[in-house]
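**Student:**
What follows is the structure, given as structure tokens:
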């Protein structure tokens, strides 16, 4: 079965540094998402992206966050100036269409902010 | 999105059937009921979804109450690999909003 690929699997950074988390969604998918999960807590929606623009974002997705699809295959999440509370597992997801298609998740990037 | 209520945890013996309940009394008429699961240290994984009729796939069955205010995910024979957190997500939107789910423990 096709997979959503995320790199790196682990990222350690210093507080205040910029990080970019990378994702390669499934090739014919059109809708892209970022979620995060703080250790021991629930999976939280961050942002959805379609047709080269943000469709919806949560309150968590403030000005420190941005997303980009720089080419036909990658989908990135950038955090401009990381905070300790940004430490979490970040999941990328994609799906083919806007109907009730299933969402495919990557295995995540564990971000640790020191 | 509809508010959901799921048991925090459940246990099952290996090779036994498991019925995971979900209440979603505020579901709207066009919301599909999605089930995802999250195995330890992995991303969420699609299990099944339906609107009104019961649904079956290779992973599980979904039984939807006639009034759609509740549903039950059925794993016909639990294996150790089915130990995970199971999320019931009624939604008509493009996005999924996860609750706290039910942690299923499978006992060998």
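Protein chains in written order, with the working numbering: chain A, 2 to 115; chain B, 7 to 114.
No residue lacks a Cβ here, since even glycine has one placed at the ideal position from N, Cα and C.
#1: Using CA atoms only, rank isn't needed, just tell me which of A:64, A:54, A:63, A:82 is closest to residue 70 of chain A.
#2: When you check each C-beta in the segment 56 to 67 of chain A against every C-beta of chain B, which residues fall closer than 8 angstroms?
#3: Excluding the 5 residues preceding and the 5 following residue 44 of chain A in the sequence, name in chain order all residues of the same chain whose CB lies nearer than 8 angstroms to its CB.
#4: Measure from the C-beta of residue 48 of chain B to each C-beta in chain A and report whether the shortest distance is under 8 angstroms.
#5: Over the uninterrupted beta strand (DSSP E) stretch that includes residue 25 of chain A, give me the two end residues.
#6: Give the range of the beta strand (DSSP E) segment to which residue 114 of chain A is assigned.
#7: By Cβ distance, which residues of its chain are closer than 6 angstroms to residue 29 of chain B, with the 5 residues on each side in sequence left out?
#8: So is residue 73 of chain A in contact with chain B if we call contact Cβ pairs under 8 angstroms?
#9: Using the C-alpha atoms, what's the distance from residue 85 of chain B back to residue 100 of chain B?
#10: Measuring only between beta-carbons, confirm whether residue 43 of chain A sits less than 8 angstroms from chain B.
#11: List the residues of chain B that residue 104 of chain A touches, going by C-beta distances under 7 angstroms, in chain order.
#12: Spell out whether any CB of chain B is found under 8 angstroms from the CB atom of residue 88 of chain A.
#13: Just to confirm, is the Cβ distance from residue 76 of chain A to residue 3 of chain A under 8 angstroms?
#14: Is residue 98 of chain A near residue 31 of chain A, with beta carbons less than 8 angstroms apart?
#15: Please report the distance separating the alpha-carbon of residue 60 of chain B from that of residue 66 of chain B.
#16: Within 8 angstroms of any Cβ in chain B, is that where the Cβ of residue 76 of chain A sits?
#17: Ignore the nearest five residues each way along the sequence and tell me which others in residue 63 of chain B's own chain have a CB closer than 6 angstroms to its CB.
#18: So which of B:25, B:13, B:110, B:9 has the shortest CA-CA distance to residue 69 of chain B?
#19: Please report the residue range of the beta strand (DSSP E) in which residue 40 of chain B lies.
#20: Pick helix, strand or coil for residue 81 of chain B, following the three-state DSSP scheme.
#21: Could you spell out where the beta strand (DSSP E) holding residue 43 of chain A opens and where it closes?
#22: Could you name the residues that DSSP lists as bridge partners for residue 96 of chain A?
**Tutor:** Taking the geometry as given:
#1: Indexing the first chain from 1 puts residue 70 of chain A at position 69. Here the closest residue by C-alpha is A:54.
#2: 56, 57
#3: As a working mapping, residue 44 of chain A is identified with position 43 in the first chain. Taken in chain order, the residues that qualify are 36, 37, 38, 92.
#4: For this step, residue 48 of chain B is matched to residue 42 along the second chain. Yes, residue 48 of chain B lies at the interface with chain A (some Cβ there is under 8 angstroms from its Cβ).
#5: The count along the first chain starts at 1 and reaches residue 25 of chain A at position 24. Counting along the chain, the beta strand (DSSP E) containing residue 25 of chain A begins and ends at 20 to 25.
#6: Taking the first residue of the first chain as position 1, residue 114 of chain A is located at position 113. Here the beta strand (DSSP E) through residue 114 of chain A covers 110 to 114.
#7: Here residue 29 of chain B is taken as the residue at index 23 of the second chain, counted from 1. Excluding sequence neighbours, residue 29 of chain B sits near 11, 76.
#8: Stepping through the first chain from its first residue, residue 73 of chain A is reached at position 72. Cβ-Cβ to chain B under 8 angstroms: no for residue 73 of chain A.
#9: Reading the second chain from its first residue, position 94 is the one you call residue 100 of chain B. Reading the second chain from its first residue, position 79 is the one you call residue 85 of chain B. Distance between the alpha carbons of residue 100 of chain B and residue 85 of chain B is about 31 angstroms.
#10: Indexing the first chain from 1 puts residue 43 of chain A at position 42. True, the Cβ-Cβ gap to chain B drops below 8 angstroms.
#11: As a working mapping, residue 104 of chain A is identified with position 103 in the first chain. 52, 102, listed in chain order.
#12: Numbered from 1 along the first chain, position 87 holds the residue referred to as residue 88 of chain A. Taking Cβ atoms only, chain B never reaches closer than 8 angstroms to residue 88 of chain A, which makes this a no.
#13: On the first chain, position 75 is the one that residue 76 of chain A refers to. On the first chain, position 2 is the one that residue 3 of chain A refers to. Going by C-beta atoms, residue 76 of chain A is not nearer than 8 angstroms to residue 3 of chain A.
#14: For the purposes of this step, residue 98 of chain A is taken as the residue at position 97 of the first chain. For the purposes of this step, residue 31 of chain A is taken as the residue at position 30 of the first chain. Result yes, Cβ atoms of residue 98 of chain A and residue 31 of chain A sit closer than 8 angstroms.
#15: For the purposes of this step, residue 60 of chain B is taken as the residue at position 54 of the second chain. For the purposes of this step, residue 66 of chain B is taken as the residue at position 60 of the second chain. Straight-line Cα distance between these residues: approximately 11 angstroms.
#16: Within the first chain, the letter at position 75 stands for residue 76 of chain A. For residue 76 of chain A, the answer is no, since every Cβ of chain B falls outside 8 angstroms of its Cβ.
#17: Counting from one through the second chain, the residue named residue 63 of chain B turns up at place 57. Here the set comprises 54.
#18: Taking the second chain and counting its residues from 1, the one referred to as residue 69 of chain B is at position 63. Comparing Cα-Cα distances from residue 69 of chain B to each of B:25, B:13, B:110, B:9, the minimum goes to B:25.
#19: The residue labelled residue 40 of chain B in the question sits at position 34 within the second chain. 38 to 44 is the extent of the beta strand (DSSP E) around residue 40 of chain B.
#20: To locate residue 81 of chain B, count along the second chain from 1; it is residue 75. Three-state result, residue 81 of chain B: strand.
#21: Position 42 of the first chain, counting from 1, holds the residue named residue 43 of chain A. Premise fails: residue 43 of chain A is in no beta strand (DSSP E) and is neither H nor E.
#22: Reading the first chain from its first residue, position 95 is the one you call residue 96 of chain A. For residue 96 of chain A, which the question treats as bridged, DSSP gives the partners A:32.
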